[in-house]
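For reference, the structure is listed below as structure tokens.
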Amino acid sequence: MQRLKSFMLQSRRVWKLLRKPSSEEFKTITKVSALGILVLGAAGFVIATLMEIF
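The opening residue of the sequence shown carries number 6 in my numbering; numbering runs sequentially from there.
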């Protein structure tokens with residue numbers, strides 16, 4: 006029970022620190038995430054193509 010109470014107190018502290026990202030931060034995060042997805046997709050495509058060839 007003590008662990009649950011401690012977790013709840015820590016969670017409340019984190020929620021108080023959270024804030025909504027600015028428009029510029031959101032755009033940057035979106036671009037970086039999209040770039041990461043594209044890189045992983047391209048790497049997977051290259052690996053799959055190489056597996057088919059060899």
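Even for Gly, the Cβ is constructed at its ideal location relative to N, Cα and C.
key: For Leu45, the first and last residue of its enclosing alpha helix (DSSP H)   = Looking up residue 45 in the sequence shown gives position 40. Note, Leu45: alpha helix (DSSP H), 28 to 58.
query = Helix, strand or coil: which one does DSSP assign to Phe24?
reply = Locating residue 24 in the sequence shown gives position 19, counting from the first residue. A small fix is needed here, since residue 24 is Arg in this sequence, not Phe. Coil at Arg24, not helix or strand.
request  = Could you check the C-alpha separation between Gln54 and Lys36 for me, to the nearest Å?
outcome  = Taking the first residue of the sequence shown as position 1, residue 54 is located at position 49. Taking the first residue of the sequence shown as position 1, residue 36 is located at position 31. What sits at residue 54 in the sequence shown is Thr, not Gln. Their Cα atoms are separated by approximately 27 Å.
message = According to DSSP, is Met6 part of a helix, a strand, or is it coil?
response = Looking up residue 6 in the sequence shown gives position 1. Correct three-state label for Met6: coil.
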